[in-house]
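First up is the structure itself, then whatever we jot down about it.
There are 2 protein chains.
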Amino acid sequence: MWIAFQGEPGAYSEAAARRLVPDAETVPCQSFEDVFAAVAAGRVSRGIVPMENSIGGSIHRNYDLLLEHDLHIVAEVELDVDHCLLARPGATATALKVVYSHPQALAQCEQYLRRFEGVEIVAVYDTAGSAKMVAESGRTDAGAIASRRAGELFGLEVLAEAIQDFASNITRFVVIGRAPAPEAEATKTSLVFTTSSTPGSLFKALSCFALRDINLSKLESRPIRGRAWEYMFYVDVDAARHAPSCARAITHLGEVAKWVRVLGSYRAWGASASAEQALSMLP
Amino acid sequence: MWIAFQGEPGAYSEAAARRLVPDAETVPCQSFEDVFAAVAAGRVSRGIVPMENSIGGSIHRNYDLLLEHDLHIVAEVELDVDHCLLARPGATATALKVVYSHPQALAQCEQYLRRFEGVEIVAVYDTAGSAKMVAESGRTDAGAIASRRAGELFGLEVLAEAIQDFASNITRFVVIGRAPAPEAEATKTSLVFTTSSTPGSLFKALSCFALRDINLSKLESRPIRGRAWEYMFYVDVDAARHAPSCARAITHLGEVAKWVRVLGSYRAWGASASAEQALSMLP
């Protein structure tokens, strides 16, 4: 199975893909747009993109891309994002003169990096690419911030582990495909809807699920820019789309909301789910 | 009035503070933690922190800091965040050899920066600080990404404007203080609450507002890490805390939710509100 991801080999998105499908052929892409385009055009069978981080919040850009494409969420997987300070064998943290990484990783390790006074912090648009750069440089005074796996891929040693400012740094990724996931496998459904701007319209929308005892595992409003007082809502429900009560709830939501889109119904793998469970994952 | 903000003079947080109080004495702090500590200790009368960005989503860290401190949101202000490429007079974009900025700004300008092949992209933990660095370097082959105002402060020219990857980049800031805002001024109230993990408990919580025709302008769930199936909810309602129906709704919410905290009741200034309106703002 070919799975497109944003970044270079060793990126966190690639690690998330491998949690689900260990022998996947992972295909690096420059941008999230390219991941969606590769799946839509059939150049790969699946794509994987981050949707939410436990510190940074929802990644609105990927919700927008889901809405712009006629693709489906077919699985979800969480990943503990532990940033490592990597360098060539023989290097020490105190002798570093330069540290490379993706700007997001540099932002997440801000407090840690402040101790390296006088060290140049250089942004490159890829965590794993920064590890590759350090490996190829031959320098022992250059470091990279990336995953442990990126270090292994490029023969670097781990000088420090879990260096992000907040210990629990979990990212939720979704796998996208051209066809929906098999109905029997789904345990969760993601929807986006808009309501009219009258008070209580969201409450009516949520009643479709609440009155059927369907739990929500995510609910988030997002203002629609340029349209004052109009909101888009992201909702994840703990039910398969085609389970009778959920199917009725979605029909009911269609009567109440201005507009509804089901992004997918799928199985979710938490950060602590074992790899064995995930092995049989994607159809 | 002394207002603490995270960053150096010329930072976006400082610009947001000046939208509300043009003649404020703004006090730079190294971290969001330091902003909260300065207000709590009475070293400044107010602090300003970003809560949400239209592309990046909610800044959970600042919600956490609000919960960790006994402080109040006393005002809200939105700011259009337009990143500029700045350099010393005489510099041209094509001759740049290095570009400095905060990792978050570098991340938001990723597509734009990809055109600068061979140019070193260096992270410094402050946008305005990057402008200062370029000004002091004396180099005409170094650029900074920061606000137009940072450029003015440090005598730099604008080589390119609004270079962020997505045109509409609005950040919502809140002003924090030790005492609540005057009741008469408030139009909006921010709350955080948790519910029991039974299906429908969120629905009951929202009914406190919906059944009283009180509109929500933000609603977001956030999983409580380490406690499976438990969630914290961020809610903004379009009503003053002490308006009779809102006061009753909050009392009602106290019966339904496991735990409730009112973060503040205050007046909000949208990105397009005129500066004149804001002049009389803070008491």
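Line by line, the protein sequences give chains A and B. With my numbering applied, the first sequence corresponds to residues 79 to 361, in that order. With my numbering applied, the second sequence corresponds to residues 79 to 361, in that order. Quick reminder that beta carbons are idealized off the backbone N, C-alpha and C, glycines included. If you're wondering where the values come from, they're calculated on a predicted model, not measured in any experiment.
Between residue i and the rest of its own chain, which residues show a CB-CB distance below 6 Å, the 5 nearest in sequence each way excluded?
i: A349/B; result: E156, D158 and I248
i: S295/B; result: D314 and D316
i: G207/A; result: E86
i: R217/B; result: none
i: D160/A; result: A240
Expressed to the nearest angstrom, what Euclidean distance is found between the alpha-carbon atoms of residue i and residue j?
i: A171/B; j: D243/A; result: 34 Å
i: K336/A; j: A116/A; result: 31 Å
i: D148/B; j: G342/B; result: 11 Å
i: G88/A; j: L231/A; result: 7 Å
i: R345/A; j: E103/A; result: 21 Å
i: L144/A; j: A259/A; result: 16 Å
i: G332/A; j: A321/A; result: 17 Å
i: F251/A; j: F83/A; result: 11 Å
i: V338/B; j: T329/B; result: 10 Å
i: W80/A; j: F114/A; result: 13 Å
i: A185/A; j: G278/A; result: 39 Å
i: G168/B; j: G229/B; result: 14 Å
i: Y90/B; j: T205/B; result: 8 Å
i: R290/A; j: K266/B; result: 32 Å
i: Q182/A; j: E146/B; result: 25 Å
i: A209/A; j: A119/B; result: 43 Å
i: C187/A; j: T276/A; result: 43 Å
i: A201/B; j: E130/B; result: 22 Å
i: C324/B; j: S323/A; result: 34 Å
i: Q108/A; j: F281/A; result: 40 Å
i: E298/B; j: L297/A; result: 6 Å
i: G125/B; j: K175/B; result: 37 Å
Between residue i and chain A, is any beta-carbon pair separated by less than 8 Å?
i: Q182/B; result: yes
i: A220/B; result: no
i: K336/B; result: no
i: S323/B; result: no
i: H330/B; result: no
i: L143/B; result: no
i: E333/B; result: no
i: L294/B; result: yes
i: E146/B; result: no
i: E188/B; result: yes
Flag residue i as yes if its beta-carbon sits less than 8 Å from any beta-carbon of chain B, otherwise no.
i: K175/A; result: no
i: G135/A; result: yes
i: E156/A; result: no
i: K210/A; result: no
i: R193/A; result: no
i: R139/A; result: yes
i: E214/A; result: no
i: S343/A; result: no
i: S225/A; result: no
i: L164/A; result: no
i: S299/A; result: yes
Suppose the cutoff is 8 Å on Cβ atoms and the five residues either side in sequence are ignored; what does the same chain contact list for residue i look like?
i: R139/A; result: F110
i: A283/A; result: F271, T273, F311, L331, V334 and A335
i: Q189/B; result: D243
Taking Cβ positions only, does residue i come closer than 8 Å to chain E?
i: A185/B; result: Among the protein chains of the structure shown, namely A and B, there is no chain E.
Residues in the same chain with beta-carbon distance under 7 Å from residue i, minus the five sequence neighbours each way, listed in chain order, please.
i: R227/A; result: G88 and A93
i: S132/A; result: S246, N247 and I248
i: S274/A; result: K336
i: M310/B; result: V270, T272, R300 and I302
i: A327/B; result: C286, F287, R290 and I292
i: P106/A; result: F83, G85, E86 and P87
i: Y203/B; result: H180
i: S268/A; result: I151, D314, L341 and G342
Quick check: the segment 182–194 of chain B against the segment 215–225 of chain B, are there 3 or more CB pairs under 8 Å?
-> yes
Name the residues in the segment 88–117 of chain B whose C-beta lies less than 7 Å from a C-beta of chain A; which are they?
-> none
What are the residues of the segment 196–208 of chain B that lie near chain A, defined by any Cβ-Cβ distance shorter than 9 Å?
-> E198, I199, V200, A201, V202 and Y203
The segment 227–237 of chain B contacting the segment 253–262 of chain B, beta-carbon criterion three pairs below 8 Å | no
Positions along the segment 266–292 of chain A whose CB lies within less than 7 Å of some CB in chain B | P277, G278, L280, F281, L284, S285, A288, D291 and I292
What residues from the segment 230–254 of chain A come within 8 Å of chain B, judged by C-beta to C-beta, listed N to C?
-> F244, S246 and I248
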